[in-house]
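**Student:** Have a look at the structure that comes next, please.
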């Protein structure tokens, strides 16, 4: 049975895929899908409850939350994919170099990785923002760089194992076709990347007003949690659903590609 | 083995030196000046200059770096710029809180994760299994700040069972520990489930079953012991994650630990305090990594030294 | 000299009367512990090292200065009983007898001299040294008489001495504790220090040897609770008796609830959007005025501040000596048509994308703000950004952390058109603000003229007013300064802070003060 057939049989994975498609469509078709201008303020209608004019309610400026969530998917997708790409590319490069050359270069690289791991990522993000300026793109770069150490270690481990020809599974991962690479390396890095970005925008870095960012929406909605819970809950759910979707797809891919796990499906 | 440990500990030194170097350099390069920030609206150039001079902040970077390193080697972590208090004292106040939180989260992750995982493996594809796996997926998908928010809304605001933030009692520890542990619980339970299932399929287990030995015996003696290796490794790796996640959890719950101290220090550009906190974290990381590698090497004889 | 003599007489009489007025005590209960929650821990409890609220709230109850500012913003005696202006640079104070520090040592002129020297000449130098203007030192005349000397004639001297951070410290304690004094200060106030657990709480207790009306509660615990929601919960459950910085959204409900009391009064901090008057196109006064017409200040006050702040009536807050209502609502009502007309006058016409343009340039302003440094600073910036869009002005907002914003605003040159800032007139004297904010030589980093505004007439006026000891004359001069500013408008004042404290109804006798640092707790008692 082919991998795709196995994937298809996994209902949860299909659900995840569907959600990812929804996310992508929402990002691509945002200007047509969003019922209102996401930046249009109407202070009088602040924190409007869901229903009627504002399907999912309005935020503290009277902006339509649904529209902002839809537009927010653009940032989320950009961040998720771009940061994952940076992390994987960086990690592949460093991990392969470290694994193949060995010796002192390997030791230096690994120490460097450990330094990066011990480094508070908030500081890293602030530094990058300071150097490059605030904004979604630069915060994404910060997120990507944050992901590099993890990928490096995995790749290095696989390379080393390959050299010792002990783990057939690892060899397969490196030599395997693209879907396996996708499942093994990239997807697992989208998820933490999204979460890290949401966290950073929760802390105030990331997109600049009036652009919508789910993490920031949750953060500002926190103050009115008691009286207008929808302001924080809706974007928070969006984050959760997006990450869940990628997780489901990732799991599905992993199960589909690795026959050993077949029995667990 | 001893040489391995010693070698790794020695290798840790350049890591620590490197971390301090990078942190110090980064703070220097960031816009914003600790002294001016402290003085706020009283920051006349004269006042700023006098205070910077008093605190020795005007010396060149390398001088300050070497000065710091030599003082740390003698056990002096310096004084916090904004608090004017010995960094060691600040750290001493804060690290027990972080340790408490991290250990509690690790405990929750281990207990809940292993229990859920084992149960899932023993009754695969049951309702419980489905719920547990779905729950894991949710656990992995929820960012810490989101989990924290949801828990606060449900348990503090609606049900009023638990306090919203701060520290002081066991009740204060529950929400932050659970929040921090959630992604780990998810990972541990998934890993446990697959590891246990793997072992249960092994031939010798089937043999034992065929011999008529009790289910409990099968489970206890062979299964868990062999499944334990990957689980332990994962737990070790998770400790690193937990320490990192503690920073955000402490911020959300106003938990007075090292993470929160670090965030405050970053925003105040108090690099002396920040370095102290980072050193403690880095040291903890190194130790945990070392333990993980050691246990990996010890418990699984199939794995050679990977240096 | 005649004016000096009559001033002496008036000074003595006023102080004497003021000292004699003791508020009648009603049926108060003694004892109990007052728990207060606030967002942050102090950095230090030593006024030399900490002038921000978290520390000031605490040490205001432990340390006293020569004079103090009451809740009606009048200068009142504290450790001094009378004063006499000896010369334009010297004021003589008679000190209160039989006062002791918490460590038992006597309060005297030597302690005053020591405190000032420590602050102005010590190492590290006091945080408030720049606040003190030309304050030079104190000279001991005799055990209970001290001369305060300034380097030049300094009009604001009395209000400066009445500031919350001018508390007199015990020389013995300072010498004994050294650096640890900043963690456990010793003064003469109605409360004395008990303990400070970092990032958790500070505890002070009643000083039963206090020279004046002794405190009514036994202990006060200041707890750190950074989350606004958590502070409000603590108030609801009774874990806290008083909340500093309560959540604005919950205030309407609290005001209606008999279990709670909301104490509020207009404060002395103005939050504004500063305009870089030296950077085109904001160097054109018509453009600046247009921006003012484009902002619906009332909508911001109603919907974003939600009653937690008062309207900004000018660049100063009411209650500050020298304040004049700049009539902003009359001069600059919210009027989009008027804004567009002014822009047109200045040569700006709508471009294809709706943004005004002139000679190929778009009217695009860069705007720096932090989030959370001042209440709703990020939010008012975003709201005004949207309002600007309606008149064709594009504002590119950059939200940075406070450290970065602070650095840039204080930097030279400033490459941004606008910035969101707040300013508090710490000594409640117009000199403190108008000089530092609008004198042409006070552009950063020397001072706080963040708008980089230069006007020779204003320079002359504020210099003159600083050196005059005639308060009536000073008031007139400051009035003229504010008239000029009303035409030039280098700020978009958004709101004046309100000091708001939410407390449980059992907390009685508390009087809120316009100056946020003056958290006076000795008349407070607990009805339970």
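Chains as they are written, first to last, in this note's numbering: chain A, 2 to 266; chain B, 3 to 309; chain C, 4 to 531.
Idealized CB from N, CA, C, for every residue including glycine.
(1) Using DSSP with H/G/I as helix, E/B as strand and the rest coil, what is residue 503 of chain C?
(2) Just the chain B side, please: which residues come within less than 9 Å of residue 19 of chain A by C-beta, in chain order?
(3) With 9 Å as the C-beta to C-beta threshold (strictly closer), list the residues of the segment 36-54 of chain B near chain C in chain order.
(4) Could you check whether residue 285 of chain B and residue 14 of chain B sit closer than 9 Å to each other, using their CB atoms as the reference points?
(5) Helix, strand or coil, according to DSSP, for residue 124 of chain C in the structure here?
(6) Name the chain C residues whose beta carbon is nearer than 8 Å to that of residue 228 of chain A?
(7) Please list, in chain order, the residues of the segment 484-496 of chain C that have any C-beta partner in chain B closer than 9 Å.
(8) Give me the Cβ distance between residue 410 of chain C and residue 35 of chain B, rounded to the nearest whole Å; I'm assuming they're in contact under 8 Å.
(9) Find out if the Cβ-Cβ distance for the pair residue 453 of chain C, residue 279 of chain C is shorter than 9 Å.
(10) Any idea what DSSP makes of residue 262 of chain A, helix, strand or coil?
(11) Nearest by alpha-carbon distance to residue 77 of chain C: which of C:227, C:441, C:161 and C:225 is it?
(12) Give every residue of the same chain whose Cβ lies closer than 7 Å to the Cβ of residue 265 of chain C, excluding the five residues on either side of it in the sequence, and list them in chain order.
(13) Can you check whether the C-beta of residue 128 of chain C is within less than 9 Å of a C-beta belonging to chain B?
(14) Locate the alpha helix (DSSP H) running through residue 91 of chain A, then write down its first and last residues.
(15) For residue 133 of chain C, go through chain B and note every residue whose CB falls closer than 9 Å to its CB, in chain order.
(16) Kindly say whether residue 399 of chain C, judged by its beta-carbon, lies nearer than 9 Å to any beta-carbon of chain A.
(17) Give a yes or no on whether 9 Å exceeds the smallest Cβ distance from residue 236 of chain C to chain B.
(18) Measuring alpha carbon to alpha carbon, tell me which residue in B:204, B:109 and B:193 is nearest residue 176 of chain B.
(19) How far does the alpha helix (DSSP H) with residue 163 of chain C in it reach, from first residue to last?
(20) According to DSSP, which residues form a beta bridge with residue 6 of chain B?
(21) Report all residues from its chain with a CB closer than 7 Å to the CB of residue 118 of chain C; omit the five preceding and five following residues, and keep chain order.
(22) Note down, in chain order, all residues in the segment 107-131 of chain B with a beta-carbon under 8 Å from any beta-carbon belonging to chain C.
(23) Can you check whether the C-beta of residue 392 of chain C is within less than 9 Å of a C-beta belonging to chain A?
(24) Pull out every residue of the segment 240-263 of chain B whose Cβ sits closer than 7 Å to any Cβ of chain C, in chain order.
(25) So the candidates are B:153, B:191, B:23 and B:106; which of them puts its Cα closest to the Cα of residue 137 of chain B?
(26) Measure the CB-CB distance between residue 373 of chain C and residue 405 of chain C and report whether it falls below 9 Å.
(27) Closer than 8 Å, Cβ to any Cβ of chain B: which residues of the segment 440-462 of chain C, in chain order?
(28) My assumption, with CB atoms under 8 Å, is that residue 443 of chain C sits in contact with residue 458 of chain C. Please give the rounded CB distance.
(29) Could you tell me if residue 233 of chain C is buried or exposed, where buried requires 16 or more neighbouring beta carbons within 10 angstroms of its beta carbon?
(30) For residue 291 of chain B, count neighbouring Cβ atoms within 10 angstroms of its own Cβ and tell me buried if that reaches 16, exposed if not.
(31) At 8 Å on the CB atoms, spell out the chain C contacts of residue 269 of chain B, in chain order.
(32) Starting from residue 267 of chain C, trace the beta strand (DSSP E) in both directions and tell me its first and last residue.
(33) Short of 7 Å in beta carbon distance, which residues of its chain neighbour residue 183 of chain B, apart from the five on each side in sequence? Order them along the chain.
(34) Inspect the beta-carbon positions of residue 371 of chain C and residue 412 of chain C and report whether they are closer than 9 Å.
(35) Give me the Cα-Cα distance between residue 123 of chain B and residue 133 of chain A, rounded to the nearest whole angstrom.
(36) Would you mind stating whether residue 60 of chain A and residue 216 of chain A have Cβ atoms separated by less than 9 Å?
**Tutor:** The answer reads as follows:
(1) strand
(2) Within 9 Å Cβ-Cβ: nothing; residue 19 of chain A doesn't reach chain B, min ~15 Å.
(3) 36, 38, 39, 40, 41, 42, 43, 44, 45, 46, 47, 48, 49, 50, 52 and 53
(4) yes
(5) helix
(6) 252 and 253
(7) none
(8) 6 Å
(9) yes
(10) Low confidence applies to residue 262 of chain A: its pLDDT is 47, below 50, so where it sits in the model is not reliable enough to give any reading.
(11) C:161
(12) 254, 257, 258, 503 and 505
(13) yes
(14) 66-102
(15) 41, 43, 44, 45, 46, 48 and 49
(16) yes
(17) yes
(18) B:109
(19) 160-164
(20) In DSSP, residue 6 of chain B forms no bridge with anything.
(21) 171 and 172
(22) none
(23) yes
(24) 256 and 258
(25) B:191
(26) yes
(27) 448, 449, 450 and 451
(28) 7 Å
(29) buried
(30) buried
(31) 404, 405 and 406
(32) 263-278
(33) 107, 110 and 111
(34) yes
(35) 49 Å
(36) no
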